[in-house]
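Residue numbers (this note's numbering), protein chains in the order written: chain A, 631 to 1351; chain B, -7 to 29.
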């Protein structure tokens, strides 16, 4: 059986390291699929458990020089990141203490006594203590018959340092101690800034993981006991006091309160909860005391599912990244060859001195930056999916983010997306204006409160909202396909389908008008006389019209698909601002309509609730499920909208477009940087313009190149969606 | 992380560096490189 495991990998210094681990794992028998993410330091491995187990995979990665372990404990991950940053800071301060005086002695104090010895004593600690990690990285790459960014730095600085050692022994004239020391310091500075910025890219998921409280108060044998959250069982009664976090998912059994669910759904207004309401773990109870029955605990809670989805998305690879992986796979060996060629050409073809040719070759080695290529895509994906999750838009894979920017058509399933998904009373029109409205609503309430029809629920809710009361009900009868009747307070009451021949002209006209608006009109008769018309309709969500207008402003065509008759469908579509309608479509045929649009050249997003439109969601280029965190929606869509707000469709598309644009900017920057930087470092401008890149400037440019890529990805956090 | 911990973690590299510095300095003087030429 194929199993999946996520392994935390330490010690990856650049994209070449992730390539190295990928290669090693792929060669291992029993490994089915591998995805190593340098930005998140995670290896996701699918393996055949009959051939290999998790421990062997961990041992394999560790044996390649990358200490690893299984699991996604947020606290230990944070600790590892923090330790790395602190350690880099130590190395940075240490190397700066030596490199800055070395630079001054090398460049300014040219007549200092024992200058060469002082430079040697200042550069050596930087070379071997601060530069230790580059040698170790280069060594582990060499052992695996490959080369990494560490190889470039180790070879480049060793060449400068080694040549200078020859100078203090009197073998050659020039020394480059300060170059080697400053180079290492700059690279460590770059790594330090990169580590800080990379930590921020996964901030969103860490915040999500941090939402879960550590303890829960449960009622056991009538007593309140505080227990670790992992010990809460399904079916247990959990007590939550005002201001506390709800520990697990459940259904309220007692009490009422408003709950702040903004951290899960992005919805800023607290949601009222009473007996029977569902609560989500990680949300905050505002003012009342509630008791609820735990329905989902541990890895089954909505929050755990969200974290898993976001982690999967952050670990997934966009197509554009496969190109970057290919380039960075051959990048380092190519750069080493270029540096060697540069040295040979300057030295033997163009007749320059050994030291000149060596410094040009060192500049080529240190200017090349495979890191920026490797970081360009994953950092943007991590920030994009992270901010999506924080705003209630869950994107399940990097590919859906990538597809999002090509979308030009959105098909909305009507029920539950454009409309609320449950009928509401929209009109109550008494036949005579002077009639007692409260009394008539009371009659309707009386007959419908015994009915189980979905329309009855709407009328009961309406009557309650109007504070209606009702008399005693006897002889209740549900007439299938027609309505309900009963004796209420001694009077015969009927509520149901209007029979046109028994209506006066005024009532008939009113019913005709309401039906024209796509509403279901019913007539209330008391003692056989029509007394009122009640219209019920699935109302449009308040944000639907704005959502459609947002999509239009993005240049996206919209459709509505529904099983309703043409007249009702068109009326709802018109109110929402949708011009294209597929009406009278059976649930099983929705996918065929989506396919038809795709065949006409549209790139289609299908928006539904995932309940009866799962095949259509799967058929579309992107399936967006709205479902306030229900399991069905989480499964059905490639994108899940936690808030069920149709405006989030346009936000998701904007997020996709912005993330892809960041990836492109990063890729273009990383490619242009290397394509221009390497030839300039090799001295192509020297013969014509006398421009030569000193190794120090080259090293600084390299360090800043990867920092700028990560920083650019981080600017997505302030994107307006 | 404390300085002492950092030193402990890097003691191998520190020892190597000190050895290189000592050998280099001895060689520098032994070869007479301190005498201006």
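Even for Gly, the Cβ is constructed at its ideal location relative to N, Cα and C.
TODO: Measure the C-alpha to C-alpha separation of residue 17 (chain B) and residue 747 (chain A) and round it to an integer number of angstroms.
DONE: Roughly 7 Å separates the two Cα atoms.
Open item on the list: When you compare the CB of residue 747 (chain A) with every CB in chain B, is at least one pair closer than 8 Å?
Closed with: yes
Task: Residues in the segment 709 to 727 of chain A having any Cβ partner in chain B nearer than 8 Å - done: 713, 716, 717, 720
- [ ] For residue 6 (chain B), go through chain A and note every residue whose CB falls closer than 9 Å to its CB, in chain order.
- [x] 755, 758, 759
TODO: Return the first residue and the last residue of the beta strand (DSSP E) that residue 673 (chain A) is part of.
DONE: 672 to 678
- [ ] Note down, in chain order, each residue of its chain lying with its Cβ closer than 8 Å to the Cβ of residue 833 (chain A), except the 5 sequence neighbours on either side.
- [x] 1016
TODO: Compare the C-alpha of residue 1105 (chain A) against each of A:1097, A:1114, A:1098, A:1274 and name the closest.
DONE: A:1114
Open item on the list: Using the three-state DSSP reduction, which class does residue 1250 (chain A) fall into: helix, strand or coil?
Closed with: Here residue 1250 (chain A) sits in coil by DSSP.
Open item on the list: For residue 643 (chain A), count the other beta carbons within 10 Å of its own beta carbon; 16 or more makes it buried, fewer makes it exposed. Which is it?
Closed with: buried
- [ ] Provide the residue span of the alpha helix (DSSP H) that contains residue 976 (chain A), from first to last.
- [x] Taken as a continuous stretch (DSSP letters only), residue 976 (chain A) belongs to no alpha helix (DSSP H), as it is neither H nor E.
Task: Neighbour flag for residue 12 (chain B) against chain A, beta carbons, 8 Å - done: Closer than 8 Å: yes.
- [ ] Just the chain B side, please: which residues come within less than 8 Å of residue 795 (chain A) by C-beta, in chain order?
- [x] 16
Task: Enclosing alpha helix (DSSP H) for residue 1294 (chain A) [first to last residue] - done: 1277 to 1311
Task: Rounded separation between residue 718 (chain A) and residue 889 (chain A) - CA only - done: Rounded to whole angstroms, residue 718 (chain A) to residue 889 (chain A) spans 42 Å at the Cα level.
Task: Whole runs of the alpha helix (DSSP H) within the segment 1111 to 1162 of chain A, excluding any shorter than 4 residues - done: 1135 to 1146
Task: Sufficient close CB pairs (3 or more, under 8 Å) joining the segment 1249 to 1257 of chain A to the segment 1269 to 1289 of chain A - done: By the Cβ rule, the segment 1249 to 1257 of chain A counts as touching the segment 1269 to 1289 of chain A, because three or more pairs are nearer than 8 Å.
Task: Secondary structure of residue -2 (chain B), DSSP reduced to three states - done: helix
Task: Assigned secondary structure, residue 1043 (chain A) (DSSP; H/G/I helix, E/B strand, else coil) - done: strand
- [ ] Look up residue 725 (chain A) in the DSSP assignment and give the residues it is bridged to.
- [x] The partner list for residue 725 (chain A) (beta bridge, DSSP) is empty, contrary to what the question assumes.
- [ ] Can you tell me which of the three DSSP states residue 1342 (chain A) falls into?
- [x] helix
- [ ] Drop a sphere of 10 angstroms on the beta-carbon of residue 647 (chain A), count the other beta-carbons inside from all chains shown, and report buried for 16 or more, exposed for fewer.
- [x] buried
Task: Proximity test, residue 1146 (chain A) beta-carbon vs the ligand ATP heavy atom, cut-off 7 Å - done: Looking for the ligand ATP in the displayed structure turns up nothing, as the structure carries no ligands at all.
TODO: Flag residue 800 (chain A) as yes if its beta-carbon sits less than 8 Å from any beta-carbon of chain B, otherwise no.
DONE: yes
Open item on the list: Let me confirm a value: residue 1082 (chain A) is counted as buried when at least 16 other C-beta atoms fall within 10 Å, else exposed. Which label applies?
Closed with: exposed
Task: Assigned secondary structure, residue 912 (chain A) (DSSP; H/G/I helix, E/B strand, else coil) - done: coil
Task: CB contact flag (residue 9 (chain B), residue 758 (chain A), <8 Å) - done: yes
Open item on the list: What ranges does the beta strand (DSSP E) occupy inside the segment 860 to 914 of chain A, keeping only unbroken runs of at least 3 residues that lie completely in it?
Closed with: 867 to 870, 879 to 885, 887 to 890, 901 to 903
Task: Coarse secondary structure for residue 1232 (chain A), derived from DSSP in three states - done: coil
TODO: Under the assumption that residue 776 (chain A) contacts residue 810 (chain A) (Cβ atoms under 8 Å), give the Cβ distance between them as a whole number of angstroms.
DONE: No, residue 776 (chain A) and residue 810 (chain A) are not in contact; Cβ-Cβ is about 24 Å, not under 8 Å.
TODO: Could you pull the start and end residues of the alpha helix (DSSP H) that residue 941 (chain A) belongs to?
DONE: Residues 932 to 945.
Open item on the list: Is residue 821 (chain A) close to chain B? Criterion is C-beta to C-beta, closer than 8 Å.
Closed with: Taking a beta-carbon distance threshold of 8 Å, residue 821 (chain A) does not count as an interface residue toward chain B.
Task: CB contact check: residue 751 (chain A) to chain B, cutoff 8 Å - done: yes
- [ ] Can you tell me which of A:690, A:695, A:829, A:636 puts its alpha carbon nearest to the alpha carbon of residue 710 (chain A)?
- [x] A:829
Open item on the list: When you compare the CB of residue 762 (chain A) with every CB in chain B, is at least one pair closer than 8 Å?
Closed with: yes
Task: Unbroken beta strand (DSSP E) run spanning residue 922 (chain A), endpoints - done: 920 to 926
Task: CA-to-CA distance, residue 1032 (chain A) to residue 1251 (chain A), given in whole angstroms - done: 11 Å
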